[in-house]
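Chemist: Here it is: the structure, laid out below.
2 protein chains.
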Amino acid sequence: MTRRIPRATVARLPAYLRYLDSLGPGRQTVQSSDLASASGVNAAKVRKDLSYIGAAGVRGVGYDVEELRALILRKLGLSTDLTVVLVGAGNLGSALARYKGFDNRGFHIVSVYDIDPKRVGKRIAGIEIRHLDHLEEDLRQTAADIGIIATPASEAQGVADRLTGAGIPGILNFAPTVINVPAWATVRQVDLATELQILAFYLRTRREAGATQARTQKRRPG
Amino acid sequence: MTRRIPRATVARLPAYLRYLDSLGPGRQTVQSSDLASASGVNAAKVRKDLSYIGAAGVRGVGYDVEELRALILRKLGLSTDLTVVLVGAGNLGSALARYKGFDNRGFHIVSVYDIDPKRVGKRIAGIEIRHLDHLEEDLRQTAADIGIIATPASEAQGVADRLTGAGIPGILNFAPTVINVPAWATVRQVDLATELQILAFYLRTRREAGATQARTQKRRPG
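The listed protein sequences derive, respectively, from chains A and B. Just so you know, we're using my numbering here: the first sequence kicks off at 1 and counts up by one. Just so you know, we're using my numbering here: the second sequence kicks off at 223 and counts up by one.
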């Protein structure tokens, strides 16, 4: 039914959405060049990305902000809210449960699980931490769309098995280990070091450009 | 000096590196198709990415694992280790300080800062949390490459100003707000909701494919 959208385009849609969300309420249209500088690709690539999702811009005018925003939300599957269960209430899990950026993007953390008796029963961002033993029973009563794993690496596969076993189709894994899920489910692996590595690349490039410039200046006859 | 490497290629290098790191020590060569399935692009794109960084594969044999690994590390600026200071020792900051995936990728967190008297003086992952007042003095004695901001959004710009003011060229911002840095510095904004949004896209696509299949089956004469 839908034309297949390239993975690289999908990966840029959240950045476009973030930019649209950052615009003031008075702004009615946006140009591909604005979206380009916000997302790190050129304007032609932005127009191609947006054509994949069926957005029609008007030459010289741009894209309607509200229409484009609604279209990206729909394509990302966010036009209806998604419910999330979070497993692991350590530092990272607690940070994720309290993260302000999820709710206003339509992701609602409905329950938090842990196995540590010191954590179970406490509240985090208003949600009571339940023992992981209740997971299957809770999910039988209220299904969820996504399970976030924020456990130690050693526990991640076991937790993934239980989440998919209870019918959750999407897993976001923050534990630093690769996990496997059944073919009908989808898993994404988050690696917090990735962003540091990309930053390091730009630092190196700039350092080398600076060094070249310094050498060039030295070589000038004084 | 270096050919300009496209941003999309840079963003995929960490995934290639992660895949190479996951191979056992006996593995000597790797094919572009292996790297493709690990990074979510096709093999032709992998070969193009690797040609940008100057990697030469042999047809039918592939790429030498150790050579490719060293080349990506060098291009990412990771062949020499980078020092990192972390500001904000709340849940997210603590999780980052304890994250196992940084050290073995050449990122060394050398100091952690906070302003909360309940946190200052405690240790986290073996590092004493220092009051932010010491930041400039510490950096005069030992320079750092990267500053990670894990503060509330309201504090992020002020912290970024102090980090760049003390000469740190690279900023990784986890606070959910856009910050500005001087032109000579580089900032990357991490948005933890991005991965959830990408996951949501694939869930929606699969749900729609499933619904189409179900409708098609229903329509079959029974």
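Virtual Cβ for every residue (Gly too), placed ideally from N, Cα, C. Being a predicted model, the structure only gives us computed values, none of them experimental.
Which chain B residues sit within Cβ distance under 8 Å of A/Q197?
Modeler: Near A/Q197 (Cβ distances below 8 Å), the residues of chain B are L235, P236, L239, L298, L300, R327.
Chemist: Give the DSSP-derived three-state secondary structure of B/R333 in the structure shown.
Modeler: Correcting the residue type first, residue 333 of chain B is Ser in the shown sequence and not Arg. In this structure, B/S333 counts as strand in the three-state DSSP scheme.
Chemist: Tell me which residues share the same chain as A/R119 and place their Cβ nearer than 6 Å to its Cβ, disregarding the 5 neighbours each side in the sequence.
Modeler: Hits under 6 Å: A89, I129.
Chemist: I'd like the list of long-range same chain contacts for A/L92, defined as Cβ closer than 7 Å, with 5 residues on each side in sequence excluded.
Modeler: Here the set comprises A150, F174.
Chemist: Where B/K344 and A/I127 are concerned, what is the direct C-alpha to C-alpha distance, given to the nearest angstrom?
Modeler: Roughly 28 Å separates the two Cα atoms.
Chemist: Return the Cβ separation of A/L135 and A/A166 in integer angstroms, given the expectation that the two are a contact with Cβ distance under 8 Å.
Modeler: Sure, about 6 Å apart at Cβ, within 8 Å.
Chemist: Looking at the strands, I want to know which residues DSSP matches up with B/V252.
Modeler: The partner list for B/V252 (beta bridge, DSSP) reads B/Y285.
Chemist: Which term fits A/R223, buried or exposed, when burial requires 16 or more other beta carbons within 10 angstroms of its beta carbon?
Modeler: This structure does not reach residue 223 of chain A, given that chain A is present from 1 up to 222, and the question cannot be answered.
Chemist: CA-CA distance, A/D64 and B/A277?
Modeler: One C-alpha to the other measures close to 43 Å.
Chemist: Are any of the Cβ atoms in chain A nearer than 8 Å to that of B/A230?
Modeler: It does: the Cβ of B/A230 has a partner Cβ on chain A nearer than 8 Å.
Chemist: Using alpha carbons as the reference points, say which of B/P398, B/T364, B/T408 lies closest to B/D383.
Modeler: Here the closest residue by C-alpha is B/T408.
Chemist: Step through the CB atoms of chain B and report whether any lies within less than 8 Å of the CB of A/V41.
Modeler: So yes, A/V41 belongs to the interface.
Chemist: In the DSSP assignment, find the unbroken beta strand (DSSP E) run with B/R410 in it and report its ends.
Modeler: Counting along the chain, the beta strand (DSSP E) containing B/R410 begins and ends at 408–411.
Chemist: Cβ of B/S259 less than 8 Å from any chain A Cβ?
Modeler: Not an interface residue.
Chemist: Does B/G392 come within less than 8 Å of chain A when only Cβ atoms are used?
Modeler: B/G392 counts as touching chain A.
Chemist: So B/S255 packs on B/A265, CB below 8 Å; how close in whole Å?
Modeler: Rounded, the Cβ-Cβ distance is 5 Å, consistent with contact.
Chemist: Below 8 Å between beta carbons: does that hold for A/I72 and A/L13?
Modeler: Yes, they are a contact pair.
Chemist: What's the C-alpha gap between B/G284 and B/D413?
Modeler: Approximately 35 Å, taken between the alpha carbons.
Chemist: Please tell me whether A/A153 and A/T83 are closer than 8 Å, where the distance is taken between their beta carbons.
Modeler: No, the pair does not count as a contact, with Cβ atoms beyond the cut-off.
Chemist: Can you pull the chain A neighbours of B/R291, defined as C-beta to C-beta under 8 Å?
Modeler: The premise fails here: B/R291 is roughly 13 Å from chain A at the closest Cβ pair, so nothing lies under 8 Å.
Chemist: Count the other CB atoms within 10 Å of the CB of A/S39; is the residue buried (16 or more) or exposed (fewer)?
Modeler: With 16 or more Cβ atoms within 10 Å of its Cβ, A/S39 is classed as buried.
Chemist: Can you give me the Cβ contacts of A/M1 inside the same chain, cut-off strictly under 8 Å, excluding the 5 residues immediately before and after it?
Modeler: Note that A/M1 has pLDDT 38, beneath the 50 cutoff, so the model's placement of it is unreliable and the number below is only indicative. For A/M1, where only same-chain residues beyond five positions count, there are no Cβ hits under 8 Å.
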